[in-house]
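Per my numbering, the very first residue in the sequence shown carries number 11; after that it's consecutive. We put the CB at the ideal spot given by N, CA and C, even for glycine. Here is the structure we will look at, set down as structure tokens.
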Amino acid sequence: MSYVFAPAPVVTVPVVGSTDRFPVHRIYCVGRNYVEHAQEMGHTGREAPFFFLKPADAVLVVNGTETADLPYPGVTQDLHHEIELVVAIGKGGSNIAAADALAHVYGYAVGLDMTRRDLQAEAKKQGRPWCAAKGFELSAPISAITPAAQAGAVESAAIWLQVNGEDRQRSTVAKLIWNIAETIEHISKLWTLAPGDLIYTGTPAGVAAVVPGDTLYGGVDGVGTLSVKLSA
Ligand code: MN
């Protein structure tokens, strides 16, 4: 078979301790999944889970201890960081029960759900989709994936983000409103999960703006760290 033009390359993420790479299928994101973050965004933190997606090629792979360059995106004056635990799906399915969900997990990574907060606020006001606020290019920086068996106690791990060496976000994955298994259960009712799907599980409180020149350094203990520097 030939194509009318060369197909886009498969988006992949490195795997800790392996030369094999994880091919990305879809990127699901959970909204307002930590109570204090829901409250800082003006909500009670007691709602049913909801989701949005980013395109697979929104991924920005951050290898090991390198600091990746992240150009400041256009059409925003208020780019925010959201540090998140990312779940990498290795086995697909639909209507997955929470009790069976962790068997579908390949591994875990650290990610940033970069957000054009001004565009999101306008979209909320107008009742419009979040795509332009959330799904832009390079909006999903991600570390290498640590296979689940090699990860620490992810369900209770510390999650944190520093900007220019100072704490901005610090919490624990134990504070997720909908935990990893429950999140997989909910998503798999709405979509058929496939190997290669990534789930950005939500961010704790402390989201704020970053500007060109800022260095973001975040992590989930037992999973990994990532570092990006914003350029103009
Ligand atoms: Mn988020």
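Selection around the ligand MN by beta-carbon proximity, strictly under 5 Å to any non-hydrogen atom, yields E92, D123 and T213 in chain order.
The alpha-carbon of E165 is positioned some 11 Å away from that of W188. For S181, the number of other beta carbons within 10 angstroms of its own is at least 16, and it is reported as buried. For Y116, the number of other beta carbons within 10 angstroms of its own is at least 16, and it is reported as buried. A Cβ-Cβ contact shorter than 9 Å links V21 with V69.
When the beta-carbon positions are compared, L208 and Y38 come within less than 9 Å of each other.
With contacts defined by Cβ atoms closer than 9 Å, Y227 and V183 do not form a contacting pair. Non-local beta-carbon contacts of T193 in its own chain, meaning distances under 7 Å to residues more than five positions away in sequence, involve V40, P59, I209 and T211 in chain order.
Shortest Cα-Cα distance from D67 to any of I99, H91, G52 and P19 involves P19.
T125 is not a Cβ neighbour of G232, given a cutoff of 9 Å.
Going by C-alpha positions, V45 is about 11 Å away from G52. Under the DSSP definition of a beta bridge, A219 partners with H90. In the pairwise beta carbon analysis, the segment 107 to 116 is classified as not touching the segment 137 to 153: fewer than three pairs are separated by under 8 Å.
Note on geometry: alpha-carbon atoms of G100 and P205 lie some 4 Å from one another.
Boundaries of the beta strand (DSSP E) around Q179: E176 to T182.
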